[in-house]
Amino acid sequence: MSTAGGVPASAFLNRPPVRKGPDVPYKNEAGSNPVLRGVTLAVVSKVVSSSNWIQRIFWTLNRFDKLKDTPYLDEYEIRLDPTVWPRHEPAGPLGALTELPAVQPRASSTNYYTCADYHELYKSGKLTPSDVVEQLLLLIRRDVQPAGRYSVAFIDSKVDLVRAAAKASTERYQAGKPLSELDGVPLAVKDEVDLAGYRTTKGSRLDFTDKTDGTAWCVQKWQDAGAVIIGKTNMHEVGLDTTNNNQTWGTPLNPHNNGYYTGGSSGGSAFAIAAGIVPIALGVDGGGSIRLPAAFCGIYGLKTTHGRVSPRVSKDWIDNVAVHGPMASSIDDLALGYRVMAQPDLCAARSSGFPSSLVNTSFTASTGKKYLAIDRTWVDRSDKVVLDMFNAAVDGYVKNQGYEVVEINIPYIPEGQKAHALTILSEVRSQLTREKIKKLSWHNQLLLNVAGGHATAQDFMFAQKLRNLLMCHLAWLWEKYPGVLILTPTTPCAGWKIGHPTDLTSGQGVSDGDMSLRSMEYVYLANFTGNPAISCPMGYTDQNVPVGLMAMGDWCSEEQLIAFAREGESFLAGADGIRRPKDEQNWIDILAETKPSQ
Numbered sequence: 001m002s003t004a005g006g007v008p009a010s011a012f013l014n015r016p017p018v019r020k021g022p023d024v025p026y027k028n029e030a031g032s033n034p035v036l037r038g039v040t041l042a043v044v045s046k047v048v049s050s051s052n053w054i055q056r057i058f059w060t061l062n063r064f065d066k067l068k069d070t071p072y073l074d075e076y077e078i079r080l081d082p083t084v085w086p087r088h089e090p091a092g093p094l095g096a097l098t099e100l101p102a103v104q105p106r107a108s109s110t111n112y113y114t115c116a117d118y119h120e121l122y123k124s125g126k127l128t129p130s131d132v133v134e135q136l137l138l139l140i141r142r143d144v145q146p147a148g149r150y151s152v153a154f155i156d157s158k159v160d161l162v163r164a165a166a167k168a169s170t171e172r173y174q175a176g177k178p179l180s181e182l183d184g185v186p187l188a189v190k191d192e193v194d195l196a197g198y199r200t201t202k203g204s205r206l207d208f209t210d211k212t213d214g215t216a217w218c219v220q221k222w223q224d225a226g227a228v229i230i231g232k233t234n235m236h237e238v239g240l241d242t243t244n245n246n247q248t249w250g251t252p253l254n255p256h257n258n259g260y261y262t263g264g265s266s267g268g269s270a271f272a273i274a275a276g277i278v279p280i281a282l283g284v285d286g287g288g289s290i291r292l293p294a295a296f297c298g299i300y301g302l303k304t305t306h307g308r309v310s311p312r313v314s315k316d317w318i319d320n321v322a323v324h325g326p327m328a329s330s331i332d333d334l335a336l337g338y339r340v341m342a343q344p345d346l347c348a349a350r351s352s353g354f355p356s357s358l359v360n361t362s363f364t365a366s367t368g369k370k371y372l373a374i375d376r377t378w379v380d381r382s383d384k385v386v387l388d389m390f391n392a393a394v395d396g397y398v399k400n401q402g403y404e405v406v407e408i409n410i411p412y413i414p415e416g417q418k419a420h421a422l423t424i425l426s427e428v429r430s431q432l433t434r435e436k437i438k439k440l441s442w443h444n445q446l447l448l449n450v451a452g453g454h455a456t457a458q459d460f461m462f463a464q465k466l467r468n469l470l471m472c473h474l475a476w477l478w479e480k481y482p483g484v485l486i487l488t489p490t491t492p493c494a495g496w497k498i499g500h501p502t503d504l505t506s507g508q509g510v511s512d513g514d515m516s517l518r519s520m521e522y523v524y525l526a527n528f529t530g531n532p533a534i535s536c537p538m539g540y541t542d543q544n545v546p547v548g549l550m551a552m553g554d555w556c557s558e559e560q561l562i563a564f565a566r567e568g569e570s571f572l573a574g575a576d577g578i579r580r581p582k583d584e585q586n587w588i589d590i591l592a593e594t595k596p597s598q
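If you're matching positions, the sequence shown starts at 1 in UniProt numbering and goes up one per residue.
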């Protein structure tokens, strides 16, 4: 619906009023939190959970109590739901899967496989979906001895379901009737999302499975296109941090550098893609949980417009910050995964307001100016290695693609991050009893008892006023610079190094609140305001750690973001483009290793 030239405000429903925010200087007064690990973390968490007085001290030290004192908030209404819909004609032809733009096969033998590579091998009869899944099951199962080489990235894989889906796909290819380019392609789903036949644990010891044992709408759309879901991926426990350090299910290590985390909370999905197990996986993003691991693992990740993708199972899913979206190793696959999963769900209040994602997928650049907006004070907080890559990426878009850079200021960015944290933690806290919280990791108990347990109704409402202020200011920016993309690094840091080997194995874990906040500094805004954003591989450090570039677009501008990422393929991530892990032990050439069964 959106183009590089933008669309008028009248083309949207529920769009915030156009209103420039207050001119306030950037001032980050983040609290200072000690790194807690192992037994120390367990002891501190126990003590804090037993005392409201101590919890209040931590709350105050992190300045959550000051949010309500933010100037100008009294001038704004409360906004709980950031969903913005495009106006469109009543539902007409929804399009067909076979009409989607074709995915290109990998350009060279050093690239990741794309869905087209699987599709062509299946059509030729050289391999079948059943051949591929048998090879994959050997690698990802954790219910056998010894466990599969990559099993730490998966929480479960139902062998009978996987084989049945692959067999059905194999028969379709043999009959010359594949459903789409996704038919028979192995995909993976984050364990935050319901899938029939599987438990949903959200990476914890708890059971969050929908009582109907149904499948989320967006996953069902992948299955309707013939995709074979090979399992549910590991994640940071209940999605509440950005490392994917998981003391219950194990911690997948970054395939590019095993001394670093994959990022989270969709770290298992990112690992599965970066290690070559699948070309596409599903993530959930409430505070960067798709884009952070995508950046850390050197792949693409799309945080969709709020409400665009339906995760409905038996009832509509209500959340005011989190969305579902695809992660992939190529921009073509990311686009395919998005377009198939984002079909409007007429039984979901939010999703039903969007047009079909299967039509109007071609992007036509406007004859007007193409803008990149940069808040320099904010961006310059990045580490030097990240900032150098960012500046080079900006130069590439200006010189190669004709973009114009405009300097902008977004008010209350640090305060907005606190408001976002207060919002998401309050929502999670409201869904968990005290007994359930006691079964979570020490880190999450500490987090939920402090930040999630002390937010008053007044605190929460002022956070939603700040949400409205930020949304109104963004609407003003898009009116001033139609179609502008707000550009930042995905994270200000080049990956997240594992602090100590025992952080992975102690059973108690680690809590580094300051690093958590820093890693989310750029990504949180799109969650809080409901905008779409994409993370693209931007480069690699000398330690071979990937770094991401993020663009945030106007509401409903996913196709523009996909086109932006495609424009950068020729110069982002260096001369060789996106690269697989250098260590062959961290990469599986799945199609080369799979042998035909006949």
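Ideal Cβ placement from N, Cα and C applies to all residues, glycine included.
Source: prediction; values computed, not measured.
>> In this structure, how does DSSP classify Met-341 when only helix, strand and coil are distinguished?
In response: Note: Met-341 maps to helix in three-state DSSP.
>> Quick check: what's the CA-CA separation for Ser-382 versus Cys-493?
In response: About 6 angstroms.
> Cα-Cα, which of Leu-179, Glu-569, Leu-477, Ser-511 is closest to Ala-9?
Replying inline: The candidate whose alpha carbon is nearest that of Ala-9 is Leu-477.
>> Quick check on the DSSP output: what are the complete alpha helix (DSSP H) runs of length 4 or more inside the region 311-396, in order along the chain?
In response: Here the runs fully enclosed are 331-341, 376-379.
> In the DSSP assignment, what residue or residues form a beta bridge with Tyr-540?
Replying inline: DSSP, once it has assigned bridges, lists Pro-546 as partnering Tyr-540.
>> For the alpha helix (DSSP H) containing Leu-121, name the first residue and the last one.
In response: It spans 115-124 - the alpha helix (DSSP H) in which Leu-121 sits, taken as one unbroken run.
> Between which two residues does the alpha helix (DSSP H) carrying Ile-437 extend?
Replying inline: For Ile-437, the uninterrupted alpha helix (DSSP H) segment begins and ends at 434-437.
> Which partner residues of Phe-154 appear in the DSSP bridge assignment?
Replying inline: Beta-bridge pairing links Phe-154 to Thr-233.
> In three-state terms, what does DSSP make of Ser-45?
Replying inline: Here DSSP, grouped into helix, strand and coil, assigns Ser-45 to helix.
>> For residue 671, tell me which candidate among Tyr-300, Gly-298, Ile-299, Asp-319 has the shortest Cα-Cα distance.
In response: Any question about residue 671 goes unanswered here, given that the chain covers just 1 to 598.
> Are the Cβ atoms of Met-235 and Phe-390 separated by less than 9 angstroms?
Replying inline: Not a contact, by the Cβ cut-off of 9 angstroms.
> Once you ignore the five residues that flank Gly-5 on each side, which residues in its own chain have a CB closer than 6 angstroms to its CB?
Replying inline: Residue placement at Gly-5 cannot be trusted, given a pLDDT of 47 that sits under 50; what the coordinates show is reported in the next sentence. If we look at Gly-5 and ignore the five residues flanking it on each side, its Cβ neighbours are Ser-366, Gly-368, Pro-482, Gly-483.
>> Am I right that Asn-245 and Thr-251 are in contact with their C-beta atoms under 8 angstroms? What's the rounded C-beta distance?
In response: The C-beta distance from Asn-245 to Thr-251 rounds to 5 angstroms, short enough to fall under 8 angstroms.
>> Buried or exposed, going by whether 16 or more other CB atoms sit within 10 Å of the CB of Arg-291?
In response: That one is buried.
> Applying the criterion that 16 or more other CB atoms from any shown protein chain within 10 Å of the CB defines a buried residue, is Arg-141 buried or exposed?
Replying inline: That one is buried.
> Just reading off the beta strand (DSSP E) that Met-301 is part of, what are its end residues?
Replying inline: Per the sequence shown, residue 301 should be read as Gly rather than Met. Element bounds for Gly-301: 300-303.
> Along the chain, where does the alpha helix (DSSP H) that runs through Thr-488 open and close?
Replying inline: Run containing Thr-488: none in the alpha helix (DSSP H); it sits in the beta strand (DSSP E), 485-489.
> Which whole-angstrom value describes the C-beta separation of Thr-488 and Trp-587, a residue pair presumed to lie in contact below a C-beta threshold of 8 angstroms?
Replying inline: The Cβ separation is near 29 angstroms, so there is no contact.
> Count the other CB atoms within 10 Å of the CB of Gly-259; is the residue buried (16 or more) or exposed (fewer)?
Replying inline: With fewer than 16 other Cβ atoms within 10 Å, it is exposed.
>> Using the Cβ count rule (16 or more neighbours within 10 Å means buried), how would you classify Leu-137?
In response: Under this definition Leu-137 is a buried residue.
> How many Å lie between Gly-568 and Ile-331 at the Cα?
Replying inline: Cα to Cα, Gly-568 sits roughly 10 angstroms from Ile-331.
> For Pro-255 versus Cys-297, is the C-beta spacing smaller than 9 angstroms?
Replying inline: Taking 9 angstroms as the Cβ cut-off, Pro-255 and Cys-297 qualify as a contacting pair.
>> Closest to Thr-490 by C-alpha separation, out of Leu-302, Asn-444, Trp-442, would be which residue?
In response: Leu-302 is the residue among Leu-302, Asn-444, Trp-442 whose C-alpha sits nearest the C-alpha of Thr-490.
> When DSSP builds the beta bridges, which residues end up paired with Ile-280?
Replying inline: BP columns for Ile-280 point to Leu-187, Ala-328.
>> Under 8 angstroms: does the beta carbon of Phe-354 sit that close to some heavy atom of the ligand PLP?
In response: In the structure shown, the ligand PLP is absent, as is every other ligand, since no ligand is present at all.
> Start and end of the beta strand (DSSP E) containing Val-406?
Replying inline: For Val-406, the enclosing beta strand (DSSP E) stretches over residues 403-407.
>> What would DSSP say about Val-428, mapped onto helix, strand or coil?
In response: Reduced to three states, the DSSP call for Val-428 is helix.
> Whole beta strand (DSSP E) runs in the region 476-525 with 3 or more residues, listed along the chain?
Replying inline: 485-489, all fully within the region 476-525.
> Which stretch, first to last residue, makes up the alpha helix (DSSP H) that contains Trp-217?
Replying inline: In this chain, the alpha helix (DSSP H) harbouring Trp-217 covers 217-224.
> What is the DSSP secondary structure of Ser-535, reduced to helix, strand or coil?
Replying inline: Strand at Ser-535.
> CB Thr-200 to CB Lys-158, shorter than 9 angstroms?
Replying inline: No. Outside cutoff.
> Hey, how far is the Cα of Val-228 from the Cα of Pro-105?
Replying inline: Computed Cα separation, rounded: 19 angstroms.
> In its own chain, which residues sit with a C-beta less than 8 angstroms from the C-beta of Asn-409, not counting the 5 before and 5 after it?
Replying inline: Excluding positions up to five away in sequence, the list reads Asp-23, Tyr-26, Asp-375, Thr-377.
>> Taking the alpha-carbon of Glu-171 as reference, which of Tyr-122, Pro-86, Leu-161, Tyr-150 has the nearest alpha-carbon?
In response: Of the residues Tyr-122, Pro-86, Leu-161, Tyr-150, the one whose Cα lies closest to the Cα of Glu-171 is Tyr-122.
> Just checking my contact of Leu-504 with Ala-463 at CB under 8 angstroms: how many whole Å lie between their CB atoms?
Replying inline: That belief does not hold up - the Cβ atoms of Leu-504 and Ala-463 are roughly 34 angstroms apart, past 8 angstroms.
> By a C-beta neighbour count over all protein chains shown, 10 Å radius and 16 as the cutoff for buried, is Thr-242 buried or exposed?
Replying inline: Classification of Thr-242: buried, given that the 10 Å Cβ count is 16 or more.
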